[in-house]
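Step one of this worksheet: look at the structure below.
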Amino acid sequence: MNKEFSVIGKSVIREDAFDKVTGKAKFADDYKFDEMLYAKMIRIKATHAKINSIDFSEIENQKDIYVITANDVKGKNLVGLIKHDQPIFCNEKVVTPGDVIAMIVGEDEDKLEHLAKKVKVNFTPLPTLTDPTKALDPDSVLIHPEEKSNLIIHHPLRKGDIEKGFSESDEILEQTYTTQLIEHAYIEPESVIAIPKEDGIKIIGSIQNPFTTRRIVSLATDLPLEKIEVIQAQLGGSFGGKDDTMCILSARAAVASLKTNKPIKIKYTREESILESYKRHPYILNYKVGYTKDGKIKAMKIDILADGGAYCSMSPFVTWRTVVQATGPYEIENVHTDVRAVYTNNPYTGAMRGFGSPQPIFAQESLMDEIAIRLGITPDEIRRINGYKNGSVTATGQKLQNHDVNILTVLNKAVALTNFSNKWKEYKKEKSVLNEYEFEKPILKKNKFIDPKKLYQKGIGLAVSFRGCSLGAEGLDETYCYMSIEKNGLVKMLTGLAENGQGLRTTLIITAAETLGIIPDKIQFLETNTSLIKDSGPTVASRGTIMGTGSVKNAAEILKERLIKIVKKGFHLDDNDVIDFRENLVFSRKKGLLTNFDFVCQLALEQKENLTAIGYYKSPEVHWNEHNGQGDAYFTYVYGCQVAEVTVNIGTGEVFLNKITAVHDPGTVINRLGALGQIFGGVTQGAGYGIFEEITHEDGMIRELNFDQYLIPTAKDIDEIKPYFVEGNDIYGGYGAKSLGEPTLELTAAAIANAIRNATGKRFFNLPINLEELVLGKKIRPQNLNRGSL
Amino acid sequence: MINLNCKIETPKNIDELLKLLAVENFNSKILAGGTDLIVGKIQGSKRFVDTELLIDINKIEELHKIDLIDDKIIIGASTTFSEIENNKIINEHLPLLKKAVSKIGSLQIRNRATIAGNFVNNAPCADSVPPLLVYNAELELISFGNKRTISLENFLEAPYKTQLQKSELVSKIIIPVPDKNIIGDFYKLGRRRAVAISRITLAVLCRIENNSFDDIRIASGAVTPIGKRFYEIENFTREKRINNDLLINLSQMLGEEILKITGLRWSSAYKLPVVQQMFYQLLNNIVIKK
Amino acid sequence: MKIKFYLNKKEIEIEVDPTIRLIDLLREKLNLTGTKEGCSIGECGACTVIVDGKAINSCLMLAYQVDGCNVITIEGISEDGKLHPLQENFLKTGAIQCGFCTPGMIMSAYALLLENPNPTEEEIKDAIAGNLCRCTGYKQIIDAIEVSAKELKG
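Sequence lines, in order, name chains A, B and C.
Here the first sequence stands for residues 1 to 790, numbered as in my numbering.
Here the second sequence stands for residues 791 to 1080, numbered as in my numbering.
Here the third sequence stands for residues 1081 to 1234, numbered as in my numbering.
In structure tokens form, the structure reads like this:
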């Protein structure tokens, strides 16, 4: 494919950046309206309980205070993106501590805070289920008895003959890995305002997917979709996290607004945000791998259990991506995978950047290193033996074609950039250098004191992945773009895809600019409003670029064709002449420079040419057999390799992240600045996942409710991140651009874990590899939730 | 919008302040940097929930300065961590204190949080405490018509509890200028490279003569319920020849002392071995530097 | 309580409830919503503003405490519609994604350059360690501050 572009691949300043550096950008909580009231949530300190009664008598006489409960929900109180199992207000029982029973509404936030304490909820605690491995026991507590089981979903995958595969193997390795619950930790807490309109309602909020929000608000209020207008405010980070929660908050605000006929604002504190919002699924992953002496993997048997927490949310789709990608980018003849998600009383889990991939990558990439070590070869060698090539067949039986299958290209590039093999051999330990501390003998024996020269140990590790682009067989995959050109050559465009803060609009502007041969400054992106454009599906699954550029390019091409006709007519050119649009100028191949873009637009409009167009892009067909997990799961894939270089303090368990090299093939890079930003940010999130981020809970009650305890990486936690792009060819998307947001995050923890193995000689099976995990081989926690400082 | 829902006074001088403190019928607290108090108020911490009156001492200049008078360094109670970190006198004479305060919280916190606020709260993890203990810091406490001096060590009573009377204020911290030959170091372990609550802190000051410890002072934080000096180990160490066995021995003794105080707690499995290990490493570094 | 202070180089006099926080004065009373609130406990730095030349968390300072002070917020650093070099370079280096941490981040950088026109990479990291960013991984932010320091020195 021709990769000579004029705008694509350059560094372009974001369209919204000016407002963001001056403080003018309006986030949801920055909106205020006359007579606006605030809403305060009523919750109880219980993980699983039956609600007997709610007593508002102490506040009923308060002037201008409204009570909002499930009785005010005119439509459906049970909603959800896939299954309708989540109440807007819990009037019968709570199944997790974030659940909201009712809301009180009034003018003064501070006063509401005090009044909330006067609402008396009488409840009976129910037995709790917080261990997902017990969820499917026959005598287990049922979280949603109407579902008859705690099983949310089961995805089986069967390829080849697993027993034959093991019998053909020389060695078999079986290991179990676990990953933890983590928080998205967007810096902006949730906020939404519902404003009554004459004929319906308007919602402005920190909303990831305005169209999904509109659907849920419609369900809850019983208003038809067209009477609900949802506007996305500037979104202060999401990472998949402002979907279900924001739908429900929007529904609550809408219900209150319809009752009071006033604008209602809900703004969450950080504590409420962490308490109620969904998180990343903790996984328990059992892998049994059979391989030959020369390193060929013959069979992989995988059993994965995901803790879905109290509600279904996106669990079926998250775990579906897991089942497709669980083997990693390796061609294996015999695969037998089962992925299950179950209900528990824990905080619920749903979409988060990575979406079911960071967990299996941690397990499968750890395993690949273990196999390499057992066979006496290097980690890059084992991956070269088994990694996908053009035409390889995946675990789902899909033949990889129509794009560059670049897994070994990115691997080789990363290995070369970091001098990987030599360093890996140099740092490699034959046995563990950790002299593990023993709880029974708290006073260290003499031999446990570490020679100061050996306190710090270096290590290097890598991880690779393939990732299906967009939704795949999860659902219908199409996008729309409305585009129009004004007389002065100004282009206005609108898509149904929402900006999540990552810079999608800029990427789509660049695509339009490239197609029309103009500079990005001439293009204006209109506000995403559900009343103005058709739904283009959610901004999830790293689909914004691949799907969005498709419809934008389509719209721009339609307009360009019309402009070319005008040019040829206006300048009396031959029909076979070729017209080029470059940097606002218009050229004829035969006559050279003709005029500028603005003039052509003016000409077109004078001649009453229609300069509006609707671009459309639909993903190619994919198909899936849910009984055996076979099919073309995604229409194309991206590939990545990350190398982590670390120093471990073997006395304290501290891991110093010296350098992360990230080599990714995202197809064509559209906006270099934005693409680099995706790598830096994704790697940093992935590093937090690897070494310290964790939401822990005691019987479902979360310990880390704010950033003093839930630690995310600061500017000082990674010394250096080195990005590198391999731009593979692809026939899909606009200009061959694919996905990048999620691949950048999914590899880092696995690469770090392998580097720690290289540094210490010990394999760690449980994320995060924090201080205690490293030197004690286990996590330890306070016995209760009390904190001395509180 | 959050409201602290209490009364606030802003005395202009010490006299006004002491009169306010002398009034019995208010449950009052001193407001200096506010980085702990305002958070505590907002989060409904039981330490502040009954506070009806905040007495803001930020307008009182006398409480906000660092002086070297004779052989004593005087740090005003409301001096911020940033001011301490960047002060010449501190840099020259109290390097462990400088190192400790420079690792507290974020710069925004250090620009507001004050030295006295750090130990008046007496959180186990207060980072300035171990260095102040090894520097033999004394405190001047004043109240209406009264003044007394008390060592920091005696002042600290139990977690979140001190000897401070309701009518009293810590006005200054008095530190004898350490001997020129004294060397030492401060160590902090957190879960993250910056803005991390301490898991372990250690402060060691010593004088090494003829390859033996002529004098040594040892304090820790975050591993015992309150910051603590270890006199028994110090006494044992004096005049001992320095060799690897001694350093190991001292580290084990430190572990034993801490174990005696805390017993086995949930965090002991990690903190006890690591504090011994890192104390050993710290001693090694000090000895090697020498 | 009546207070008087300089806000973005203009003197203002205003009646404040002494028990509200500075962030609420700025956002709710004065409508300067550029300053953001992310955690309310001084951990995220989104609410950073400059008081008498120092970066502080406006969620941990009471409004009346700025009486007599010089306060600068994100709204006050560009002059005559011209962006401050920090703002300009945050644009150019791609230091912005969602933009929620950006105002606080720029204020921390601004305070750093006031005190230290020649910061090392390590000093820049120290200055913004109290400003959490979940999108950018900090690298392009650090670049923006480095370039700005060079430009401001001339």
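Note that CB positions come from ideal geometry on N, CA and C, so glycine has one too.
Residue i in three-state terms, based on DSSP
| i | result |
| --- | --- |
| M1081 of chain C | coil |
| T349 of chain A | strand |
| E882 of chain B | helix |
| F5 of chain A | coil |
| I566 of chain A | helix |
| P125 of chain A | strand |
| K1230 of chain C | helix |
| S988 of chain B | coil |
| M36 of chain A | coil |
| E773 of chain A | helix |
| D55 of chain A | strand |
| A306 of chain A | strand |
| N318 of chain A | The question names Asn, yet the displayed sequence has Val at residue 318 of chain A. Looking at V318 of chain A - three-state DSSP - the assignment turns out to be helix. |
| F166 of chain A | helix |
| D72 of chain A | helix |
| Y1068 of chain C | Examination of residue 1068 of chain C is not possible in this model, given that chain C is present from 1081 through 1234 alone. |
| K413 of chain A | helix |
Residue range of the unbroken beta strand (DSSP E) whose run includes residue i
| i | result |
| --- | --- |
| L285 of chain A | 283 to 291 |
| Q524 of chain A | 523 to 525 |
Any non-hydrogen atom of the ligand GTP within 7 Å of residue i CB
| i | result |
| --- | --- |
| K454 of chain A | Annotation note on the ligand GTP: not contained in the displayed structure, which lists no ligands. |
Assumed close pair residue i, residue j - CB separation to whole angstroms, cut-off 8 Å
| i | j | result |
| --- | --- | --- |
| Q1071 of chain B | P452 of chain A | 6 Å |
| T212 of chain A | L81 of chain A | 6 Å |
| A310 of chain A | V73 of chain A | In fact, because the Cβ distance is near 19 Å, the residues do not count as touching under 8 Å. |
| G651 of chain A | L455 of chain A | 5 Å |
| I932 of chain B | L808 of chain B | 7 Å |
| L1102 of chain C | G824 of chain B | Not really, about 10 Å apart at Cβ, beyond 8 Å. |
| G237 of chain A | F1180 of chain C | 6 Å |
Residue range of the alpha helix (DSSP H) that includes residue i
| i | result |
| --- | --- |
| Q1167 of chain C | 1165 to 1172 |
| V683 of chain A | 672 to 691 |
| A1067 of chain B | According to the sequence provided, residue 1067 of chain B is Gln. The question's Ala does not apply to it. It spans 1058 to 1079 - the alpha helix (DSSP H) in which Q1067 of chain B sits, taken as one unbroken run. |
| H114 of chain A | 109 to 116 |
Chain A contact residues for residue i, given Cβ-Cβ distances below 7 Å
| i | result |
| --- | --- |
| Q1066 of chain B | L444 |
| T1182 of chain C | K20, V21 |
| N1074 of chain B | P452 |
Partners in chain B for residue i, counting only beta-carbon separations shorter than 7 Å
| i | result |
| --- | --- |
| P1098 of chain C | I798 |
| A1175 of chain C | Here the premise fails: no neighbours, minimum Cβ distance about 19 Å. |
Amino acids of chain B, ordered along the chain, whose beta-carbon sits closer than 9 Å to that of residue i
| i | result |
| --- | --- |
| Y437 of chain A | A1059, Y1060, L1062, P1063, V1064, Q1067 |
| S1120 of chain C | I792, V829, I832, Q833 |
Contact set between residue i and chain B, taken where Cβ atoms lie within less than 8 Å
| i | result |
| --- | --- |
| I780 of chain A | W1056, S1057, A1059, Y1060 |
Under 7 Å from the C-beta of residue i: neighbouring residues of chain C
| i | result |
| --- | --- |
| K716 of chain A | K1205, A1209 |
| A25 of chain A | G1179 |
| F707 of chain A | C1119, E1123, C1124, L1212 |
Under 9 Å by beta carbon: chain C residues contacting residue i
| i | result |
| --- | --- |
| Q234 of chain A | C1178, G1179, F1180 |
Under 8 Å by beta carbon: chain C residues contacting residue i
| i | result |
| --- | --- |
| V985 of chain B | E1123, A1209, G1210 |
| F680 of chain A | T1216, G1217, Y1218, K1219, Q1220 |
Residues that residue i contacts on chain A, provided the C-beta gap is smaller than 8 Å
| i | result |
| --- | --- |
| N1033 of chain B | Those do not exist, as N1033 of chain B stays about 13 Å from chain A at its closest Cβ, beyond 8 Å. |
### Task
Below 8 Å between beta carbons is the criterion; list the residues of the stretch 904 to 924 of chain B that meet it against any residue of chain C, in chain order.
none
**Request:** Closer than 8 Å, Cβ to Cβ, to anything on chain A: give me those residues from the stretch 1123 to 1155 of chain C, in chain order.
**Result:** E1123, C1124, A1126, T1153, I1154, E1155
Mind listing which residues of the stretch 1203 to 1216 of chain C have their C-beta closer than 9 Å to chain B's C-betas, in chain order? K1205, D1206, A1207, I1208, A1209, G1210, N1211, L1212
Short-range partners of chain C found in the stretch 267 to 278 of chain A, where Cβ spacing is below 7 Å
T269, R270
(request) Taking only beta carbons into account, state which residues of the stretch 166 to 186 of chain A come closer than 7 Å to chain C, listed in chain order. (result) A185, Y186
Report task. Could you name the residues of the stretch 997 to 1012 of chain B whose beta carbon sits closer than 8 Å to any beta carbon of chain A, in the order they occur along the chain? Result -> none
Quiz item: Given a limit of 9 Å on CB to CB distance, which residues of the stretch 537 to 551 of chain A reach chain C?
Solution: none
Query raised in the report: Any residues in the stretch 1088 to 1112 of chain C with a beta carbon nearer than 8 Å to a beta carbon of chain B? Which ones, in chain order?
Result: D1097, P1098, T1099, I1100, R1101, D1104, E1108
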